[in-house]
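Enquirer: In our numbering, the protein residues as written are 374 to 735.
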Ligand code: SAH
Ligand code: SF4
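#1: CB of residue 738 to nearest heavy atom of ligand 2: below 7 angstroms?
#2: Let me check understanding here. Comparing Cα to Cα, which of 651, 682 and 570 lies closest to residue 409?
#3: Looking at residue 687: is its Cβ nearer than 8 angstroms to the Cβ of residue 504?
#4: So, at 6 angstroms on beta carbons, what are the nonlocal neighbours of residue 436 in its own chain, with the 5 sequence-adjacent residues on each side left out?
#5: For ligand 2, is there any heavy atom lying closer than 7 angstroms to the beta carbon of residue 465?
#6: Please work out which residues of its chain come closer than 6 angstroms, Cβ to Cβ, to residue 692, disregarding the five sequence neighbours upstream and downstream, and give them in chain order.
#7: Could you tell me the alpha carbon to alpha carbon distance between residue 576 and residue 600, rounded to whole angstroms?
#8: Check whether the segment 592-607 and the segment 555-564 are in contact - that is, three or more C-beta pairs closer than 8 angstroms.
#9: Could you check if residue 381 is buried or exposed, using at least 16 other CB atoms within 10 Å of its CB as the buried criterion?
#10: Starting from residue 472, follow its DSSP beta bridges and name the residues at the other end.
#11: State whether the segment 662-680 contacts the segment 699-708, with contact taken as three or more CB pairs (one from each stretch) at a distance under 8 angstroms.
#12: Between the alpha carbons of residue 517 and residue 387, how many angstroms are there, rounded?
#13: Do you know how far the Cα of residue 433 is from the Cα of residue 472?
#14: Just the Cα atoms here: how many angstroms apart are residue 642 and residue 399?
#15: Please report how far the alpha carbon of residue 416 lies from the alpha carbon of residue 579, in whole angstroms.
#16: Quick check on DSSP: helix, strand or coil for residue 507?
#17: Between residue 727 and residue 650, what straight-line distance do the alpha-carbon atoms span, to the nearest angstrom?
#18: If we ignore side chains and look at the alpha-carbon of each, how far apart do residue 648 and residue 525 end up?
#19: Does ligand 1 have a heavy atom nearer than 7 angstroms to the CB of residue 476?
#20: Name the DSSP bridge partner or partners of residue 424?
#21: With hydrogens ignored, establish whether the beta-carbon of residue 590 is closer than 7 angstroms to any heavy atom of ligand 2.
#22: Would you tell me roughly how many angstroms separate the C-alpha atoms of residue 572 and residue 614, rounded to the nearest one?
#23: Given the structure, does residue 605 come close to ligand 2, in the sense that its CB is under 7 angstroms from one of the ligand's heavy atoms?
#24: Excluding the five sequence neighbours on either side, which residues of its own chain have a C-beta within less than 7 angstroms of the C-beta of residue 697, listed in chain order?
#25: Tell me where the alpha helix (DSSP H) around residue 657 begins and ends.
Okay, here's the thing in structure tokens:
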């Protein structure tokens, strides 16, 4: 039982790595109990100490007096008509609402089935990209590391109940907000996600997507060299880029230079994301310009025809315009694919997340 009144107990998911062991030690318990609690939270996705039935009952209630697990409260759920995509509306402790998306991919060739969770790092976003529903609502607040982690654990719980072994195979930081504008929490969440005594996911299965903040890109390469980086570019021309992505600190030249530094430091290929907007950035000439900008960079371009949302600008190009853009880039020696779409019917696709206050299903 929680104490009455506002819950002021710290969240376990927000503790520093050694914090749980310290609390368990304070309670006079042996060290292995901390590992047991960690497994309960990170491997069995317990949302409450009472679910950790391998702990003595007394310890469960003493822990609950000091701490809460910090699991997110599910305020709404929608699944796409083809069942491949589930979007959860999650309520944070202060009532703030955010969205998290689970995407299920069937096996393809030698590739096994995948379940990817797309998580948010901020409520809203300050970057103001003209085509993005999250950007249109502005910045509300940073999420804590625990709030970022709780999204993965909530979806892991959903996925673990599904067939063929269940479980999440990939995590992408591509939901609401700009991860590198919330660096400390993103860094802490990545550390817990990849720690052997945390969620234990291989960093190679995690991707952080950024609007392109060069200083943050360099820090990420140093702190998490195995984590994949995706850079959202959307233009190969400085003036157009400033119109679409009004972030003063980031020139295209500076972003591409930071991407090169990332490849040099990590030895890993970067992804470049390019939202295609009809008549704005989708001409063959612009594809050629992008090819020249990216020449020599070890990268792969994901082309994303814009997903519409109320209040955002831009039209989808025709299929033939998308394919022409892709062909032109490929001919320039830059590999490019068109992103597989998921969840458009439930506004769960790229750039459609708003943390709506309307109940799910509306
Ligand atoms: N802030 C980060 C991560 C979240 S946005 C970033 O910008 O990279 C995740 C991806 O969705 C980005 O590549 C972004 O450009 C893309 N996106 C935003 N709005 C979109 C829209 N309306 N249609 C398609 N993709 C969109
Ligand atoms: Fe923010 Fe990314 Fe949306 Fe731009 S695309 S407003 S950086 S969430």
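Virtual Cβ for every residue (Gly too), placed ideally from N, Cα, C. Since the structure is predicted, the reported quantities are computational estimates derived from the model, not experimental observations.
Expert: If we stick to the structure as given:
#1: No statement about residue 738 is possible, as the shown extent of the chain runs from 374 to 735 and does not include it.
#2: Working through the chain shown from its first residue, we reach residue 409 at position 36. Residue 570 holds the alpha-carbon nearest to the alpha-carbon of residue 409 among 651, 682 and 570.
#3: Within the chain shown, numbered from 1, the residue matching residue 687 stands at position 314. Within the chain shown, numbered from 1, the residue matching residue 504 stands at position 131. Their beta carbons are under 8 angstroms apart, which means residue 687 touches residue 504 by this criterion.
#4: Position 63 of the chain shown, counted from the first residue, corresponds to residue 436. Closer than 6 angstroms at Cβ, skipping near neighbours: 422.
#5: As a working note, residue 465 is residue 92 in the chain shown. Residue 465: no, Cβ never under 7 angstroms from ligand 2.
#6: In the chain shown, the residue the question calls residue 692 occupies position 319. Closer than 6 angstroms at the Cβ level, and outside the excluded window around residue 692, lies no residue.
#7: The sequence position of residue 576 within the chain shown is 203, counting from 1. The sequence position of residue 600 within the chain shown is 227, counting from 1. Those two C-alpha atoms are separated by around 5 angstroms.
#8: yes
#9: Taking the chain shown and counting its residues from 1, the one referred to as residue 381 is at position 8. So residue 381 ends up on the exposed side.
#10: For this step, residue 472 is matched to residue 99 along the chain shown. Residue 472 pairs with 462.
#11: Note that the segment 662-680 touches the segment 699-708; at least 3 beta-carbon pairs, one per stretch, sit closer than 8 angstroms.
#12: The sequence position of residue 517 within the chain shown is 144, counting from 1. The sequence position of residue 387 within the chain shown is 14, counting from 1. Residue 517 and residue 387: Cα-Cα distance of roughly 7 angstroms.
#13: Here the question's residue 472 lines up with position 99 in the chain shown. Here the question's residue 433 lines up with position 60 in the chain shown. Going by the C-alpha atoms only, they are around 30 angstroms apart.
#14: Counted from its first residue, the chain shown places residue 642 at position 269. Counted from its first residue, the chain shown places residue 399 at position 26. Straight across, the Cα-Cα distance linking residue 642 with residue 399 is about 46 angstroms.
#15: Numbered from 1 along the chain shown, position 43 holds the residue referred to as residue 416. Numbered from 1 along the chain shown, position 206 holds the residue referred to as residue 579. One C-alpha to the other measures close to 17 angstroms.
#16: Looking up residue 507 in the chain shown gives position 134. It is helical.
#17: Here residue 727 refers to the residue found at position 354 when the chain shown is read from its first residue. Here residue 650 refers to the residue found at position 277 when the chain shown is read from its first residue. Rounded to the nearest angstrom, the two C-alpha atoms are 20 angstroms apart.
#18: Mapped onto the chain shown, residue 648 falls at position 275. Mapped onto the chain shown, residue 525 falls at position 152. Using only the alpha carbons, I get a separation of about 26 angstroms.
#19: In the chain shown, residue 476 corresponds to position 103, counting from 1. It does not: the Cβ of residue 476 is nowhere closer than 7 angstroms to a heavy atom of ligand 1.
#20: As a first step, residue 424 is located in the chain shown; it is residue number 51 there, counting from the start. Answer is none; residue 424 lacks a bridge partner.
#21: Within the chain shown, the letter at position 217 stands for residue 590. Because no heavy atom of ligand 2 lies under 7 angstroms away, the Cβ of residue 590 does not count as near it: no.
#22: Position 199 of the chain shown, counting from 1, holds the residue named residue 572. Position 241 of the chain shown, counting from 1, holds the residue named residue 614. If you draw a straight line from the Cα of residue 572 to the Cα of residue 614, it comes to about 37 angstroms.
#23: Position 232 of the chain shown holds residue 605. Ligand 2 has a heavy atom closer than 7 angstroms to the beta-carbon of residue 605.
#24: Along the chain shown, one-based indexing puts residue 697 at 324. Excluding sequence neighbours, residue 697 sits near 657.
#25: One-based indexing of the chain shown puts residue 657 at position 284. That run of the alpha helix (DSSP H) goes 657-667.
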